[in-house]
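Heads up: take any position in the sequence shown, counting from 1, add 7, and you land on my numbering.
To keep things clear, I will list the structure first and then write my remarks on it.
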Amino acid sequence: MFKAKQQTLANLANFAYDPVNYEYMKQLHLIDLFLAQLSEDSEELIHFALSGLCNISCGKN
């Protein structure tokens with residue numbers, strides 16, 4: 008189960024890189040999801056959450 012969560016978060020972080028996806032990300036509240044993962048005990052989950060937030064911050068708005 009943990010590996011599935013890890014893979015999903017990694018995929019969402021990658022999804023956050025493409026500006027075409029920003030509107031979908033807002034609708035799905037993915038920023039909130041990434042922020043929530045920062046309090047996890049797993050370094051991998053924190054890494055993917057930070058990657059997602061960095062990818063979002065490189066885009067518009």
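The C-beta atom is built at its ideal place from N, Cα and C for all residues, glycine as well.
Let me confirm a value: residue 32 is counted as buried when at least 16 other C-beta atoms fall within 10 Å, else exposed. Which label applies?
Here residue 32 is taken as the residue at index 25 of the sequence shown, counted from 1. Result: buried.
Take residue 9 and list the residues in its own chain whose beta-carbon comes closer than 8 Å to its own, dropping the five residues that flank it on each side.
What you label residue 9 is simply residue 2 of the sequence shown in a count that begins at 1. Around residue 9: 49.
In chain order, what residues of the same chain have a beta carbon less than 8 Å from the beta carbon of residue 44, not counting five sequence neighbours either side?
Along the sequence shown, one-based indexing puts residue 44 at 37. The answer, listed in chain order, is 16, 52, 53, 55, 56.
Quick check: the Cα distance between residue 28 and residue 13, rounded to an integer number of angstroms?
For the purposes of this step, residue 28 is identified with residue 21 of the sequence shown, where counting begins at 1. For the purposes of this step, residue 13 is identified with residue 6 of the sequence shown, where counting begins at 1. So the alpha carbons of these two residues sit roughly 20 Å apart.
Using only alpha-carbon positions, find the residue among 47, 22, 46 that is nearest to residue 35.
The residue given as residue 35 occupies position 28 in the sequence shown. Of 47, 22, 46, the residue nearest in Cα terms is 22.
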